[in-house]
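Trainee:
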Amino acid sequence: LEFCKLAIVETKGLAARLIDEMEKRIPDLDEPLTVHVNGCPNSCARIQVADIGLKGQIVTDDDGRQVEGFQVHLGGGLALQQRNEPGIGRKLRRHKVSADGLADYVERVVRGWLDTRSAGQTFAEWAVGADEKALR
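Residue numbers for the sequence shown follow the numbering used here, so the first one is 412 and each next one is one higher.
Written as structure tokens, this is what we have:
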């Protein structure tokens with residue numbers, strides 16, 4: 412694809428479109444979130460340490476077709492032990508999101524955090540402690 416010969420899915424344009432879409436859908440976001448998008452399993456984009464990490468892979472859509480998609484990691488960060496923050500994000504096992512459904516998924520998860528977080532709770536803290544059903 413565009414930069415990495417190992418990439419399974421296109422990432423650069425998709426990531427830019429995702430951020431633009433999130434800025435439209437959630438214009439009042441009061442905390443910055445990190446979103447890392449990787450096109451292959453090598454994780455050069457370090458998806459494990461992002462609030463929202465997306466690892467490109469081929470997924471099966473609702474119609475049974477194989478399409479570009481992503482494995483999801485949530486709640487990563489560069490941990491500060493003295494603040495008891497999470498480090499490596501939480502991988503959602505057996506949960507994949509198609510590239511076409513990515514904006515809807517990210518909006519749903521971010522709104523879940525905004526609606527249920529405790530005062531001062533970061534996205535990473537919320538994602539690590541949230542019920543997995545809320546993250547799907």
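We put the CB at the ideal spot given by N, CA and C, even for glycine. Just so it is clear, the structure is predicted and the values come from calculations on it, not from any experiment.
Is DSSP giving Val-483 helix, strand or coil here?
Mentor: Counting from 1 along the sequence shown, the entry for residue 483 is found at position 72. In this structure, Val-483 counts as strand in the three-state DSSP scheme.
Trainee: Under a Cβ-count criterion, where at least 16 other Cβ atoms within 10 Å of its own Cβ denotes burial, should Ala-530 be classed as buried or exposed?
Mentor: By one-based count along the sequence shown, residue 530 stands at place 119. Burial is judged here by how many other beta carbons sit within 10 angstroms of a residue's own beta carbon; Ala-530 has fewer than 16 and is exposed.
Trainee: Is Gly-488 helix, strand or coil when you go by DSSP?
Mentor: Your numbering for residue 488 matches position 77 in the sequence shown. In this structure, Gly-488 counts as coil in the three-state DSSP scheme.
Trainee: Glu-479: buried (16+ other C-beta within 10 angstroms of its C-beta) or exposed?
Mentor: For the purposes of this step, residue 479 is identified with residue 68 of the sequence shown, where counting begins at 1. Classification of Glu-479: buried, given that the 10 Å Cβ count is 16 or more.
Trainee: Note down the Cα distance separating Gln-468 from Glu-432, rounded to an integer number of angstroms.
Mentor: On the sequence shown, residue 468 is found 57 positions in, with the first residue counted as 1. On the sequence shown, residue 432 is found 21 positions in, with the first residue counted as 1. Within the model, the alpha-carbon separation for Gln-468 versus Glu-432 is close to 22 angstroms.
Trainee: Please report the straight-line C-alpha distance between Arg-505 and Gln-532, rounded to a whole angstrom.
Mentor: Position 94 of the sequence shown, counted from the first residue, corresponds to residue 505. Position 121 of the sequence shown, counted from the first residue, corresponds to residue 532. Each residue's Cα considered, the two are about 27 angstroms apart.
Trainee: Going along the chain, which residues of its own chain have a beta-carbon closer than 8 angstroms to the beta-carbon of Arg-547, five neighbours each way excluded?
Mentor: On the sequence shown, residue 547 is found 136 positions in, with the first residue counted as 1. Result list for Arg-547: Leu-503, His-506, in chain order.
Trainee: Under three-state DSSP, which class holds Arg-519?
Mentor: Position 108 of the sequence shown, counted from the start, is the residue given in the question as residue 519. Arg-519 falls in the helix class under three-state DSSP.
Trainee: For Lys-423, which option in Arg-528, His-447, Gly-488, Leu-440 has the closest C-alpha, if you only look at C-alpha atoms?
Mentor: To locate residue 423, count along the sequence shown from 1; it is residue 12. Comparing Cα positions, the closest option is His-447.
Trainee: May I have the straight-line CA-CA distance separating Gly-450 from Asp-526, to the nearest angstrom?
Mentor: Translated into the one-based positions of the sequence shown, residue 450 becomes position 39. Translated into the one-based positions of the sequence shown, residue 526 becomes position 115. Their backbone Cα atoms lie some 31 angstroms apart in a straight line.
Trainee: Which residues does DSSP list as the beta-bridge partners of Leu-444?
Mentor: Taking the first residue of the sequence shown as 1, we reach residue 444 at position 33. Bridge partners of Leu-444: none, in fact.
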